[in-house]
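I have placed the structure first, in the form of structure tokens, so that the comments after it can refer back to it.
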Amino acid sequence: MRSAINTAARKTPAWLLYLVLPMPGLAVFYLGLTNQLGPEPINVLERDLGEFALRLLIAGLAITPLFRFAKINLVKFRRALGIMAFVYVFAHLLVWLLLDVQIVSQIWADILKRPYITIGMVAFLLMIPLVATSNDWSVRRLGPSWRTLHKLTYVVAILGAVHFVMLSKGFQLEPLIYLAVVISFVATRIPQWRKSLLRA
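Residues 1 to 200 (the working numbering) are what the sequence shown spells out, left to right.
So, in structure tokens, the structure goes:
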């Protein structure tokens, strides 16, 4: 099974993800345009786009544990997952800005007064340097600093999961599961970070 997955991964070009991964977002946009998202289509659109982004972040986090513990090598897809997660977060933000709030003064007030929006905005801002350096030139230019910078991915994922939990109304199990999964993936990295600090 592991060998079959690795063989399939080697034969699958990473660029294919840039064609496949936008499809859920385009589908939900289509449903919104055709009035198939229920009585609160903007809220559904916001939530779905944000949830797609979080799923892609989690998929990216899963790649290292899969390689370390199961010897399944999907590393070549990590960049595409991260970039597409940013695309979904950006779309999520645009829907909130342009379709939900619309009033500039209210946008700023919400960022300052509503903690879950503040957290979401911080996560988005942290993603900008990550996506800006998700290219071979930046890897060569930054050297070891590139890996240090991209550890922000873990912070972004935690903030994104917390944002999802906080905006959910009432007790909902799904956002808590996302948060638990993110924390568990981050926890698998702690021993390695500890060893790196000790060596330093």
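Glycine is no exception: its CB is placed at the ideal position from the N, C-alpha and C atoms. Everything numeric in this text was worked out from a predicted model, so none of it was measured.
Original post:
Per DSSP, what kind of secondary structure is residue 172 in: helix, strand or coil?
Top reply: The residue given as residue 172 occupies position 172 in the sequence shown. DSSP places residue 172 in coil when its eight states are reduced to three.
Original post:
Within this structure, are the beta carbons of residue 156 and residue 57 separated by less than 8 Å?
Top reply: The residue you call residue 156 lines up with position 156 of the sequence shown. The residue you call residue 57 lines up with position 57 of the sequence shown. Yes; because the gap between Cβ atoms is below 8 Å, this pair is in contact.
Original post:
If we ignore side chains and look at the alpha-carbon of each, how far apart do residue 82 and residue 35 end up?
Top reply: Within the sequence shown, the letter at position 82 stands for residue 82. Within the sequence shown, the letter at position 35 stands for residue 35. The straight-line gap from Cα to Cα measures roughly 30 Å.
Original post:
What's the call for residue 89, buried or exposed, on a 16-neighbour Cβ count within 10 Å?
Top reply: To locate residue 89, count along the sequence shown from 1; it is residue 89. Buried, since its Cβ has 16 or more Cβ neighbours within 10 Å.
**OP:** Taking residue 91 and residue 25 to be in contact with their CB atoms under 8 Å, please state how far apart those CB atoms are, rounded to whole angstroms.
**Re:** Within the sequence shown, numbered from 1, the residue matching residue 91 stands at position 91. Within the sequence shown, numbered from 1, the residue matching residue 25 stands at position 25. Right, the Cβ-Cβ distance comes to about 6 Å (below 8 Å), so this counts as a contact.
Original post:
For the region 65-75 against the region 1-21, are there 3 or more C-beta pairs whose distance is under 8 Å?
Top reply: yes
Original post:
Between residue 1 and residue 98, what straight-line distance do the alpha-carbon atoms span, to the nearest angstrom?
Top reply: In the sequence shown, counting from the first residue as 1, residue 1 sits at position 1. In the sequence shown, counting from the first residue as 1, residue 98 sits at position 98. Roughly 46 Å separates the two Cα atoms.
Subject >> Limits of the unbroken alpha helix (DSSP H) element including residue 136 >> reply: Position 136 of the sequence shown, counted from the first residue, corresponds to residue 136. Counting along the chain, the alpha helix (DSSP H) containing residue 136 begins and ends at 136-142.
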